[in-house]
Amino acid sequence: MRPPQSLDDPASLSFADLVKQQQSASSSQTEGRGDLLLAYGSCLLRKFRDKLGDALWGVLETVYLQALEFRQDRWAMYCLQALQTRWRDSTRVKRLKGIALEAQGQWAAALCHYDSLLSQQPHDPLTRKRVIAALKNQGRVSECIQMLFL
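Mind the numbering: the sequence shown is residues 7 to 156 in this note's numbering, read in order.
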């Protein structure tokens, strides 16, 4: 099923369609529908967690990110704990922890967390991207530029 042109009828969408619609909206700088992702994803987790199979991990990550955006701390904690339990040593999951620190405004702690990750994997481009995003959100543009050339 193709993502619809609008989200007027969310009942006709799959979760994957909602994720695609949100990504497309985010990349075009228009308002996405993270609220629908959070509502639909949390419903999937409450009612159908055991039936999601491997899709569970993508749903958990998506709900986690939307929960942070909408300040739904319980959902964020639930999703992060589930991901950490399953993927304990994953750099990706560790980055998600840093994103939570950013969402809470704990910039120094987030940067320290990312520095720790970079000390283990110095050339990880996704962690570097998070550092640049955190610096940019603090208005530290010159440090962002320096980070680009490291």
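For each residue, glycine too, the CB sits at the ideal point set by N, CA and C.
It should be emphasised that the depicted structure is a prediction, and the values quoted were computed from it without experimental measurement.
Starting from residue i and walking both ways along the alpha helix (DSSP H), at which residues does that stretch end?
i, result
"K4", "Missing from the structure shown is residue 4; the chain here goes from 7 to 156 and no further."
"S125", "W113 to Q126"
Assign residue i to one of three DSSP states: helix, strand, or coil.
i, result
"Q144", "coil"
"W81", "helix"
"F155", "coil"
"Q90", "helix"
"Q110", "coil"
"F21", "helix"
"S96", "coil"
"R39", "coil"
"S34", "Low confidence applies to S34: its pLDDT is 49, below 50, so where it sits in the model is not reliable enough to give any reading."
"V137", "helix"
Is the beta carbon of residue j closer than 8 Å to that of residue i?
i, j, result
"H119", "L132", "no"
"T97", "L123", "yes"
"V65", "L58", "yes"
"L89", "E75", "no"
"R134", "R101", "no"
"W81", "S125", "no"
Considering only C-alpha positions, which residue in the set the options is nearest to residue i?
i, options, result
"P128", "W63, A140 and M153", "M153"
"G40", "L58, K53, G64 and Q72", "Q72"
"G104", "C49, T91, R92 and L86", "L86"
"L43", "L58, G59 and K26", "K26"
"F54", "S148, F21 and R101", "F21"
"A114", "F76, L156 and A140", "A140"
"D79", "D121, D130, Y46 and Q110", "Q110"
"F173", "Q112, G145 and I138", "With the chain covering 7 to 156 only, the question about residue 173 has no answer from this structure."
"Y84", "D56, A61, R52 and D95", "R52"
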